[in-house]
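Working notes for the structure below.
In the UniProt record's numbering, the protein residues as written are 1 to 129.
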């Protein structure tokens, strides 16, 4: 019976630590991403596993504007880190990666109201290895 208690404790600890934030600066998130752009959320469908968004892109920092997908995925409501709930009609600076699927997945997002011109200049100057 004691091994069951130990297993329960280990599972509990792993769930608690499963979303421990590892600090990264903005350039690390940018360089990890395949795509970086400013976009308005046109529609959303938030499920337990994924949150699916349709976006209208207004400014591209990374990626090719002609090939930029207008669909985007984030974490759903059952994710241990919490859901990525972007508001319809709101505009965001979005970093996304296509490393795990054809549909870009959100790496980081920031409400456009929190993005300054100096932030935009800094982003345009990022050099990735």
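Where is the CB? At the ideal position from N, CA and C, for every residue including glycine.
Closest by C-alpha distance to residue i, when choosing among the options
{"i": "residue 103", "options": "82, 51, 93, 22", "result": "51"}
{"i": "residue 168", "options": "22, 30, 2", "result": "Since the displayed the chain opens at 1 and closes at 129, residue 168 lies outside it and no answer follows."}
{"i": "residue 22", "options": "129, 92, 81", "result": "81"}
{"i": "residue 87", "options": "64, 62, 109", "result": "109"}
{"i": "residue 73", "options": "115, 66, 55, 121", "result": "55"}
{"i": "residue 68", "options": "38, 83, 27", "result": "38"}
C-alpha distance - residue i paired with residue j, whole-angstrom precision
{"i": "residue 13", "j": "residue 95", "result": "Caution is warranted here: a pLDDT of 47 is assigned to residue 13, below 50, making its placement in the model unreliable, and the coordinate value is therefore given only provisionally. The straight-line gap from Cα to Cα measures roughly 30 Å."}
{"i": "residue 137", "j": "residue 45", "result": "Coverage of the chain is limited to positions 1 through 129, which leaves residue 137 absent and any answer about it impossible."}
{"i": "residue 64", "j": "residue 48", "result": "31 Å"}
{"i": "residue 98", "j": "residue 79", "result": "19 Å"}
{"i": "residue 128", "j": "residue 2", "result": "50 Å"}
{"i": "residue 43", "j": "residue 117", "result": "27 Å"}
{"i": "residue 75", "j": "residue 84", "result": "5 Å"}
First and last residue of the uninterrupted alpha helix (DSSP H) at residue i
{"i": "residue 117", "result": "117-124"}
Supposed close pair residue i, residue j - CB separation, criterion 8 Å
{"i": "residue 58", "j": "residue 40", "result": "7 Å"}
{"i": "residue 123", "j": "residue 32", "result": "Contact doesn't hold; Cβ gap of about 14 Å is too wide."}
Range covered by the beta strand (DSSP E) that runs through residue i
{"i": "residue 129", "result": "From DSSP, residue 129 is part of no beta strand (DSSP E); its letter is neither H nor E."}
{"i": "residue 110", "result": "105-111"}
Practice problem: Could I get the ranges of all uninterrupted beta strand (DSSP E) runs contained in the stretch 30-56, with 3 residues as the minimum, in chain order? | Solution: 35-46
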